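Since the structure comes first, as structure tokens, the remarks are kept for the end.
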Amino acid sequence: MDAVGQAVGAGFLLLGIVMGVAMGWLLALQRANKAVDSRVKAELDEIRDDTITKTKESVEINLRNELEDDVREELKEKLAGSIKEDAERDAKRILSKAEDEAEGLRKKARRDADEVVEKARAKADEEVGKRRGELDRIEEKLNVRETQLDDRASKLDGRANELESREATYEKNAKSLREQEAVLEEQQTKVRSELERVSSYSAEQAKAELVDRMEGEARIEAAKLARKIEEDATNEADKKAKKILSTTIQRWAGEYVTERTVKVVPLPNDDLKGRIIGREGRNIRALEAATGMDIIIDDTPEAVLVSGFDPVRRHVATLTLQKLISDGRIHPSRIEEVVEKTTQEVDQQIKEYGERAAFELGIHGLHMDIIKLLGQLQFRTSYGQNMWSHSIEVGFLCGLMASELGVNVKMARRAGLLHDLGKALTHEQDGSHALIGAEILKRCGEHEIVRNAVAAHHNEEPQNSVIAHLVIAADALSGARPGARREILGTYVKRLEDLERISGDFPGVQKSYAVQAGREIRVMVENSKVNDDEAFALSKEIAKKIEEELTYPGQIKVCVIRETRAVDYAK
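Counting in our numbering, the sequence shown runs from 673 upward without gaps.
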């Protein structure tokens, strides 16, 4: 394309030169005519002057006129021919020069076109070579991959044959075991009959002993069957767990909603209810639209209920109602003004709470979004425990343990303070508060150790540092502290005693310990009295009895431990 463009440009240039030469020739001819006229006029003037000086008679005038006409024509013809010949020579010279230049341009254009074509051909050859090399490498890789796949297929065939041989061996062994079991049962029957024959037991005693033995065997078989059934049901465990959780949530939802999402605003008298409602309900509608909360006015004497799931908005609505009641001016424009002002005040309080938490732990450089979320934890609770105070407490505990272990104290305090940051947004975003908080910290540029400690403090992500384990321990210490979560000390101690008592009532139990603030019960059983299958069944029975007899928050883990000891003596 470049060569063709250059050739077309050279053609246009040649055409321009030819047209320029033609126009130059025309202009030269025109100028030559003008020059002829001017020279003729000058000659005539000179002849006329000479004639006047020489002839002063009228005859001379006539002769001069005649001579003037003749001379004019002769001079004009003479000068025109001379100028025309000069113009033609100049035009031929310019045309020849233009043709030479055009020929030079054509030759140059051909040379440039040849160079461009040669370069394009060399580049194309180079590109083809590269593509060919790439195709060769791809073909080589495909050949290697095909060889690997063939090797893998042969290995899989070998494994399949090996599995078939093993399966046949297993079937043979199973058949042999069944035959041995039949022989043992037959021998056991013979031994029983022989014992009954030679024993001095009475028929009733022998019957009782036989019943006890059969009962033990039946219990073991039942435990094995139960274990097998539960293992077979693992595929549906998630569905079953979700159903149980949904049923539990449904039973507990009413009490939770009433306690956690409703705020009571006292009134001086019931007359204010009508003013809060306003004419045709315009005041209460404006209040609900501005705050995003439901304002409930019922038959409750001297009280108004503020209902909603957002704790910050609920607090804003409560403060707004209190200000409107104390001020007495209740109308839509005033409501919007007070709500806006109260929202600014609450935002400032949230910021101050966040800065105060960071100041108490000596933490600096927190992102402003993190400070605001920390402040919002002042309005969040978990099992009745204030999350703002809980976060500060966990931060202190993490710092104390880190200083004892020689770990970075500031980093540990930072992770402890921020571990429940996601709870400020769990009513707005779906997912675990640990993962939500970790995502916020990552977005705000927090250190990876802090982010991992927050994400892993409920084992939803592997812990990659000592600080992550310290956060888990500090969180358990703060949450399990008696009185931290609306549980009096007497009830707490009584629940631990009941857990140990219920576990100790089962046969074969040696010791039982309630740990993790009553969230786990560890049961030690005697090795000689309880085997592995019976230990599995025992954990189920203990858990079932705890569910029937106790009331507790969350869940309790029942861990049955059966220890096997091999003892020998060197003599």
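The beta carbon of each residue, even a glycine, is placed where N, CA and C say it ideally should be.
It should be emphasised that the depicted structure is a prediction, and the values quoted were computed from it without experimental measurement.
Nearest-angstrom Cα distance between residue i and residue j?
i     : j     : result
P1154 : F1031 : Unreliable placement is indicated for P1154, whose pLDDT of 49 sits below 50; no coordinate value is reported for it.
N833  : E1132 : 41 Å
N955  : K1095 : 33 Å
D829  : D1204 : 38 Å
R1234 : L849  : 28 Å
D982  : A989  : 11 Å
A1125 : A1186 : 27 Å
I1193 : H1129 : 22 Å
H1091 : K1229 : 24 Å
Y1224 : L1149 : 18 Å
R951  : D1041 : 41 Å
T819  : E839  : 30 Å
L807  : K795  : 18 Å
T992  : P973  : 20 Å
P1004 : R1115 : 40 Å
I1064 : D943  : 44 Å
K779  : V800  : 31 Å
L835  : R809  : 38 Å
I1214 : V863  : 37 Å
S1061 : F1051 : 11 Å
A880  : E843  : 39 Å
E1118 : I1035 : 13 Å
S1200 : D823  : 52 Å
L1097 : V1010 : 26 Å
According to DSSP, simplified to helix, strand and coil, what is residue i?
i     : result
I1233 : strand
E1024 : helix
S1075 : helix
A1242 : coil
D942  : coil
Y1185 : strand
K935  : strand
S1137 : coil
D966  : strand
S1200 : coil
L1097 : coil
Y1224 : coil
N1131 : coil
T972  : coil
S1104 : coil
Cβ of residue i within 7 Å of Cβ of residue j?
i     : j     : result
A962  : I901  : no
V1202 : G1180 : yes
A1074 : V1081 : yes
L1093 : G1109 : yes
G980  : M965  : yes
I1121 : S1137 : yes
E1288 : I967  : Absent from the structure is residue 1288, since the part of the chain shown begins at 673 and ends at 1243.
V936  : A975  : yes
E1027 : I1002 : no
L1142 : A1084 : yes
M1059 : L1049 : yes
R985  : V978  : no
I1174 : K1216 : no
A1246 : A1140 : Here the chain has residues from 673 to 1243 only, and residue 1246 is not among them.
How is the alpha helix (DSSP H) around residue i delimited, first residue to last?
i     : result
Q994  : P983 to D999
E1192 : Run containing E1192: none in the alpha helix (DSSP H); it sits in the beta strand (DSSP E), E1192 to V1197.
D1041 : M1040 to Q1048
A1084 : V1081 to L1090
Since I believe residue j is in contact with residue i (beta carbons under 8 Å), could you give me their beta-carbon distance rounded to a whole number of angstroms?
i     : j     : result
V1195 : V1232 : 5 Å
E1024 : G1000 : No, E1024 and G1000 are not in contact; Cβ-Cβ is about 29 Å, not under 8 Å.
K995  : T1014 : 7 Å
L1033 : L1089 : 6 Å
Q1182 : E1198 : 5 Å
Check whether the Cβ of residue i lies closer than 6 Å to any heavy atom of the ligand NAP, and answer yes or no.
i     : result
H1039 : As far as ligands go, the structure on display features none, and thus does not contain the ligand NAP.
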